[in-house]
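Quick note: the working numbering has the sequence shown finishing at residue 497, numbered continuously throughout.
Even for Gly, the Cβ is constructed at its ideal location relative to N, Cα and C.
Every value quoted in this text rests on a predicted model; they were computed, and no experiment measured them.
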Amino acid sequence: MKNKIDTSNWQNFNLADLFEIKGTKTTPLIELQEYGAGRFPFVTTQATNNGVEGYYNFSTEKGGVLTVDSAVLGFCSYQDADFSASDHVEKLTPKFNMTKNIAMFLVTIMNREQYRYNYGRKASQERLKARSIKLPAKNNQPDWDFMEKFIDTHTHSYSYAKRPAKNIPIPRLTVDAWKYYELGELFDVKYGVNLELINLEKTVRSDKYAIRFVSRTENNNGLSAFVKKQIDIEPNPAGTLSIACGGSVLAAFLQNKEYYSGRDIYCLKPKQKLSDEVLLFISVLIRREKYRFNYGRQANKSLRTLRIKLPAKNANIDCNFMTKFVQALPFSSQI
163 MKNKIDTSNW
173 QNFNLADLFE
183 IKGTKTTPLI
193 ELQEYGAGRF
203 PFVTTQATNN
213 GVEGYYNFST
223 EKGGVLTVDS
233 AVLGFCSYQD
243 ADFSASDHVE
253 KLTPKFNMTK
263 NIAMFLVTIM
273 NREQYRYNYG
283 RKASQERLKA
293 RSIKLPAKNN
303 QPDWDFMEKF
313 IDTHTHSYSY
323 AKRPAKNIPI
333 PRLTVDAWKY
343 YELGELFDVK
353 YGVNLELINL
363 EKTVRSDKYA
373 IRFVSRTENN
383 NGLSAFVKKQ
393 IDIEPNPAGT
403 LSIACGGSVL
413 AAFLQNKEYY
423 SGRDIYCLKP
433 KQKLSDEVLL
443 FISVLIRREK
453 YRFNYGRQAN
463 KSLRTLRIKL
473 PAKNANIDCN
483 FMTKFVQALP
493 FSSQI
């Protein structure tokens with residue numbers, strides 16, 4: 163697979179020609195709680211965890227569609243399974259045969275254009291129907307075959323060789339027995355290597371000397387570029403969390419490769435061996451605390467004492483529960 167896609171032959175296509183664009187039925191969370199935990203995702207306007215806030219024994223919408231947050235940033239996600247939804251969740255039902263791979267390609271394209279929306283200019287149905295997206299084209303039609311093969315090649319290149327079988331029942335998410343832990347109890351919290359991207363030589367992923375550069379962005383797992391590895395600069399280790407304490411405060415991501423980092427990025431190294439699934443679970447809960455901070459109130463001084471609530475067993479964090487929960491989620495094979 164090439165590292166840079168040639169988009170010179172791509173064309174613009176209207177979303178309304180590709181999808182039937184409608185709203186979803188709003189289901190109050192209190193109603194879902196009465197149905198109890200189950201296997202159907204509850205899709206909300208959040209821009210993390212594929213928009214899913216929990217799983218319940220109730221659904222109103224058919225799967226195999228894209229959903230778009232029309233309340234805030236226009237975040238797009240693919241819903242494979244049947245689901246229920248909160249307010250301000252729009253549904254894009256394909257007028258073509260949309261496989262999972264094609265859906266993942268489209269979601270990526272849609273989310274690269276989130277800059278079009280904000281609190282004052284939301285991704286309403288009207289704006290979605292008037293919107294066009296640039297896609298690979300063949301004979302003036304979307305090149306679905308290209309998209310299918312591109313995602314298939316990409317995911318097979320970066321997924322693990324062995325994964326548990328799918329259709330694992332999702333463990334019930336009951337938080338009553340969870341306990342609070344300070345990040346400093348679970349991790350060695352250290353400032354990252356603090357480099358300036360402008361002073362580094364950019365390269366491509368395939369370069370054997372390439373290393374990831376993580377910045378304060380909340381997109382693309384924090385990755386801003388690939389750069390040449392410096393002989394005299396030790397990178398942040400793999401198997402850690404990167405957390406932005408300035409800029410996009412509490413943008414927390416699992417970094418499973420060693421990496422350089424820019425300003426206001428902290429590196430959290432687990433004090434005990436934690437699986438990638440556990441680290442992903444914890445990163446989502448850290449991001450949910452971002453409402454506590456902003457550009458005027460950054461997290462540099464209080465990160466070590468930031469408290470998050472986690473599954474617990476015998477006074478310790480329940481790593482087994484978190485691992486099984488993440489493995490049961492859609493697309494967990496692509497972690």
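- Note on geometry: alpha-carbon atoms of F181 and K486 lie some 35 angstroms from one another.
- For the segment 323-407, the full-length alpha helix (DSSP H) segments reaching 4 residues or more read 345-348 along the chain.
- The Cβ atoms of A474 and R449 do not sit closer than 8 angstroms to each other.
- By the 16-neighbour rule on beta-carbons within 10 angstroms, E347 is exposed.
- Of I271, R201, N219, the smallest CA-CA separation from T169 is found for I271.
- DSSP places S445 in the helix class (H, G or I) of the three-state scheme.
- The closest CA to that of T467, considering only E196, Y343, V389, S221, is found on Y343.
- N462 and D350 have their C-alpha atoms spaced approximately 14 angstroms apart.
- When only Cα atoms are considered, W340 and L472 end up about 5 angstroms apart.
- Nearest neighbour of I192 by Cα position, chosen from Y453, F483, S246, turns out to be S246.
- Taking the Cα positions, A209 is about 33 angstroms away from N476.
- Within the same chain, and ignoring the five residues on either side of E380 in sequence, the residues whose Cβ sits closer than 6 angstroms to its Cβ are S410, A413.
- With 16 or more neighbouring CB atoms inside 10 Å of its own CB, P304 falls in the buried class.
- The C-beta distance from Y218 to F204 rounds to 6 angstroms, short enough to meet the 8 angstroms contact threshold.
- In this structure, the CA atom of A178 is about 9 angstroms from the CA atom of L254.
- The C-alpha of A285 lies about 10 angstroms from the C-alpha of K291.
- Here D231 carries a strand assignment [DSSP, helix/strand/coil].
- Judged by DSSP in its simplified three-state form, N478 adopts strand.
- Secondary structure at N176: strand, using DSSP grouped into helix, strand and coil.
- Here V337 is exposed: its Cβ has fewer than 16 other Cβ atoms, across all protein chains shown, within 10 Å.
- Leaving aside the five residues that flank L447 on each side, the residues in its chain whose CB is nearer than 8 angstroms to its CB run, in chain order, I470, K471, L472.
- In this structure, the straight-line span from the alpha carbon of T186 to that of S248 is close to 8 angstroms.
- Straight-line spacing of the CA atoms in K311 and N263 works out to 8 angstroms.
- DSSP places V269 inside the alpha helix (DSSP H), whose first and last residues are 262-273.
- For K291, the enclosing alpha helix (DSSP H) has its first and last residue at 287-292.
- Across the set Q173, L403, D369, the C-alpha of L403 shows the shortest separation from the C-alpha of L436.
- Scanning its chain for C-beta atoms nearer than 8 angstroms, with the 5 sequence neighbours on each side dropped, one finds around G424 the residues G354, N356, L357, E358, L359, F375, V376, S377, R378, S386, in chain order.
- Beta-bridge pairing by DSSP links R469 to E344.
- Of the candidates G200, L235, Y197, the residue whose Cα lies closest to the Cα of T206 is L235.
- Listed as beta-bridge partners of L430 by DSSP are V351, L403.
- Spatial neighbours of K390 in its own chain (CB-CB distance under 6 angstroms, excluding positions within 5 residues in sequence) are listed in chain order as E363, T365, Y371.
- Secondary structure note for I167: it is in no beta strand (DSSP E), with a DSSP letter that is neither H nor E.
- Out of G200, A243, L441, the CA that lies nearest to the CA of I479 is found in L441.
- The beta carbon of K352 lies closer than 6 angstroms to those of C429 in the same chain, with the five residues before and after it left out.
- When the Cα atoms are used, R201 and N211 turn out to be separated by approximately 15 angstroms.
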